[in-house]
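Visitor: Protein chains in written order, with our numbering: chain A, 75 to 221; chain W, 90 to 277; chain U, 311 to 555.
Beta carbons: idealized from backbone N, C-alpha and C, even for Gly.
Because the structure is a prediction, the values reported are computed rather than measured.
Here it is: the structure, laid out below.
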Amino acid sequence: MAIYSLWIFDRHSNCIYSREWDNKSKSSLVNVNNAKDTAKLLFGTIFSMKNISQNLSKQNKLKSFSTLRFKCHFKETGSGLKFCLLTDPELEDMQFLLDEIYTSCYVNHVVKNALSPVDFRAGQVIGSEPFTSDIDRLVVTLPSFST
Amino acid sequence: MSKSLKTLSDDLWKNRVEKVNSELFTLTYGSLVAQLCRDLNYNYAEVNAHLEKMGYNIGLRLVEEFFAQTNLGRCQTFRETAEVVAKVGFRMFLNVVPQVVGVDEKQFSLVLDENPLAEFVELPDDGKAFKELWYSNVLVGVLKGALEMVQLEVNAFFVSDVLRGDDTTELKVKLVQVLKDEIPVGED
Amino acid sequence: MSSSRLLVSGVGYDPAVGPQSTGPQVQQLATSTSSLKRQFSASGGAHSSIFDKNLHRAKHDISLSSLCYLFGEIVSWCDSKSRGVQQLESRLNNLGYSIGIKYLELTSLRENFASGNISSSSKSHATKREVRILEILQFINSSVWKGLFGKMADKLEKSQDLANQYMITDNLPLISKYISVPKEFQHLNCAAFVAGIVEGILDSAYFQANVSAHSFPEPGLPLKTVFVINFDDKVIKRESMRFER
Numbered sequence: 075m076a077i078y079s080l081w082i083f084d085r086h087s088n089c090i091y092s093r094e095w096d097n098k099s100k101s102s103l104v105n106v107n108n109a110k111d112t113a114k115l116l117f118g119t120i121f122s123m124k125n126i127s128q129n130l131s132k133q134n135k136l137k138s139f140s141t142l143r144f145k146c147h148f149k150e151t152g153s154g155l156k157f158c159l160l161t162d163p164e165l166e167d168m169q170f171l172l173d174e175i176y177t178s179c180y181v182n183h184v185v186k187n188a189l190s191p192v193d194f195r196a197g198q199v200i201g202s203e204p205f206t207s208d209i210d211r212l213v214v215t216l217p218s219f220s221t
Numbered sequence: 090m091s092k093s094l095k096t097l098s099d100d101l102w103k104n105r106v107e108k109v110n111s112e113l114f115t116l117t118y119g120s121l122v123a124q125l126c127r128d129l130n131y132n133y134a135e136v137n138a139h140l141e142k143m144g145y146n147i148g149l150r151l152v153e154e155f156f157a158q159t160n161l162g163r164c165q166t167f168r169e170t171a172e173v174v175a176k177v178g179f180r181m182f183l184n185v186v187p188q189v190v191g192v193d194e195k196q197f198s199l200v201l202d203e204n205p206l207a208e209f210v211e212l213p214d215d216g217k218a219f220k221e222l223w224y225s226n227v228l229v230g231v232l233k234g235a236l237e238m239v240q241l242e243v244n245a246f247f248v249s250d251v252l253r254g255d256d257t258t259e260l261k262v263k264l265v266q267v268l269k270d271e272i273p274v275g276e277d
Numbered sequence: 311m312s313s314s315r316l317l318v319s320g321v322g323y324d325p326a327v328g329p330q331s332t333g334p335q336v337q338q339l340a341t342s343t344s345s346l347k348r349q350f351s352a353s354g355g356a357h358s359s360i361f362d363k364n365l366h367r368a369k370h371d372i373s374l375s376s377l378c379y380l381f382g383e384i385v386s387w388c389d390s391k392s393r394g395v396q397q398l399e400s401r402l403n404n405l406g407y408s409i410g411i412k413y414l415e416l417t418s419l420r421e422n423f424a425s426g427n428i429s430s431s432s433k434s435h436a437t438k439r440e441v442r443i444l445e446i447l448q449f450i451n452s453s454v455w456k457g458l459f460g461k462m463a464d465k466l467e468k469s470q471d472l473a474n475q476y477m478i479t480d481n482l483p484l485i486s487k488y489i490s491v492p493k494e495f496q497h498l499n500c501a502a503f504v505a506g507i508v509e510g511i512l513d514s515a516y517f518q519a520n521v522s523a524h525s526f527p528e529p530g531l532p533l534k535t536v537f538v539i540n541f542d543d544k545v546i547k548r549e550s551m552r553f554e555r
């Protein structure tokens, strides 16, 4: 399982979506850990990394960072939306996947869906099932998914 | 800079935007305004406010699609913002490119030569509409909502409208303040 | 606001006075009954009335997303003013209705123009007004759907059970493409709007009917929508009197 999880944070620093892929667990791991420490720590780390990158060099943008056990691929949109994909550290650049998730999943199922909010209050998450199934479809069909 | 924006928007329009005949759009908007006028008893100030609120909600969404399709980042100057809004934003969604006039770091104006919202529209002949109703006020809301998502708080309003008998349709946008990015609780 | 006021205020270009700015005089014009008079605007013809514009202009396209966002807001607004699905649907239906009545005129006119029936010389062989149920339905199926959505509707059927019922099917309604199925209501929101348009067209063509929209999702066609048209009894009666001997 080379791709571990996806986290989406909005411009108010709230975690509005999380999806974890775990071979062993049969239960659906969607929006389970949004309020937990993991999410907050992840956001904090990204926030600090962004600050450092900006301080070290203007016009800098964080793309990814890795540790021994995982690599975090990051995308921030002009509207303040932050996408984080946690994967195996050996995995190559996954920006294209994040772009695709933004363009085809988020825009189609959240933005264009009149019945889904775009400005999430604290605690609100993206509950749309088509959203999750589209993301799954994109991720699961990647060759790097099940190694 | 302008050239590349034009190429970008042309390319977007040709390849990445799903198109539909603008008539249904114009008719739908017209039906909406008419219904609002009836519902609000022809209190045009309220109709304007309502249209702006609806536009605001639309702007919050529209901006995401904008970023998804264009892959542009945030603009560095307000001047740049004006150019991008006119050349890429309006082109992408309304297939018109308004002229940008009176640009400085605090404001700009958009002059619309064509307004797809108001094709074949006449304001009602009740003496009030000409002075009080801004038919395309939804655009004001869209700009406010969209720019707020990139941390720019603006005041937008119509200065003139051909539907009212003016020579041009002009929308003015004034920068109120640049909003700070929100930081999580606990950080400095 | 009678026309006598116009005579008094001296509307029109007065060579003795010359061109004038758009001042209070034009406001008085605005309160008059006919807007055609605006053509004689004292400021020198800068404001051509909409009657001057050509109806048969080149097609102007717009992004589908814009329509979807606008429609989404309309649905939210109707929802906030309605209590329950029925009211929401009827509000959307009403909005569509006013579009329908205008659209019939517009499309008929354009059809005539396209087939060269309207010429500046002598008489115009205007396309006959549809008087048969099947004809008007086919007109809606093809011209109207094409004009509004860029494609023809997928099926036109007559009901087996009821003499006054017909069905138009659209496998992928344009507007509903992005609005996800809400769990609270049935997925009838957008379609009620289109049903209103159809009803408006039929009513103004003297085929009084009730049109409602129902979704019939199929594997592969999750958004398939059927518009059920129930004609008034007197329409059916008229049809049988005229055309069945």
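Do you know how far the Cα of F537/U is from the Cα of F194/A?
Guide: 36 Å
Visitor: Say whether chain A places a C-beta atom closer than 8 Å to the C-beta of C388/U.
Guide: no
Visitor: From L380/U to A157/W, what does the alpha carbon distance come to, in whole angstroms?
Guide: If you draw a straight line from the Cα of L380/U to the Cα of A157/W, it comes to about 19 Å.
Visitor: Can you check whether the CB of M143/W is closer than 8 Å to the CB of G254/W?
Guide: no
Visitor: On the three-state DSSP scale, how would you describe S344/U?
Guide: Note on S344/U: pLDDT 39, under 50, position unreliable in the model; the coordinate value appears next. The answer is coil: DSSP assigns S344/U none of H, G, I, E or B.
Visitor: In the DSSP output, what is S522/U paired with across the bridge?
Guide: V538/U
Visitor: What residue range is occupied by the uninterrupted alpha helix (DSSP H) comprising N137/W?
Guide: Y133 to T159
Visitor: For V385/U, return the contacting residues in chain A, with the cut-off set at a CB-CB distance below 9 Å.
Guide: A188 and L189
Visitor: Given that G457/U touches chain W, what residues does it touch there, using C-beta distances under 8 Å?
Guide: N110 and E112
Visitor: Have a look at I546/U and A473/U and give me their C-alpha separation to the nearest angstrom.
Guide: 8 Å
Visitor: Tell me which residues of the segment 126 to 157 of chain W have at least one Cβ-Cβ distance to chain U shorter than 7 Å, keeping chain order.
Guide: Look at the segment 126 to 157 of chain W: the residues with a C-beta under 7 Å from a C-beta of chain U are M143, N146, I147, R150, L151 and E154.
Visitor: Report the rounded CA-to-CA distance for L149/W versus V192/A, giving the unit in angstroms.
Guide: 7 Å
Visitor: List in chain order: all unbroken alpha helix (DSSP H) runs of 4+ residues lying wholly within the segment 99 to 182 of chain A.
Guide: 111 to 130 and 169 to 174
Visitor: Return the chain-ordered ranges of every alpha helix (DSSP H) run that is complete within the segment 157 to 188 of chain W and spans a minimum of 4 residues.
Guide: 167 to 173 and 179 to 183
Visitor: Which residues bound the beta strand (DSSP E) around S198/W?
Guide: For S198/W, the uninterrupted beta strand (DSSP E) segment begins and ends at Q196 to L201.
Visitor: Expressed to the nearest angstrom, what Euclidean distance is found between the alpha-carbon atoms of P527/U and K534/U?
Guide: Roughly 5 Å separates the two Cα atoms.
Visitor: What residues are listed by DSSP as bridge partners for I372/U?
Guide: V109/W
Visitor: To the nearest angstrom, how far is the alpha carbon of E242/W from that of R163/W?
Guide: Those two C-alpha atoms are separated by around 14 Å.
Visitor: Which residues of chain U have a Cβ atom closer than 8 Å to the Cβ of F182/W, listed in chain order?
Guide: I372, S373, S375 and S376
Visitor: Closest to N140/W by C-alpha separation, out of D215/W, K103/W, E208/W and L232/W, would be which residue?
Guide: Per the sequence shown, residue 140/W should be read as Leu rather than Asn. From the listed residues D215/W, K103/W, E208/W and L232/W, the smallest Cα separation to L140/W is found for L232/W.
Visitor: Give a yes or no on whether 8 Å exceeds the smallest Cβ distance from A123/W to chain U.
Guide: yes
Visitor: Find out if the Cβ-Cβ distance for the pair M168/A, T177/A is shorter than 8 Å.
Guide: Against a cut-off of 8 Å, the Cβ pair of T177/A and M168/A comes out as no contact.
Visitor: Below 9 Å on C-beta distance, what does V186/W contact in chain A?
Guide: Result: empty, since nearest Cβ-Cβ is about 21 Å, beyond 9 Å.
Visitor: Please classify M238/W: is it buried, with 16 or more other beta-carbons within 10 angstroms of its beta-carbon, or exposed?
Guide: buried
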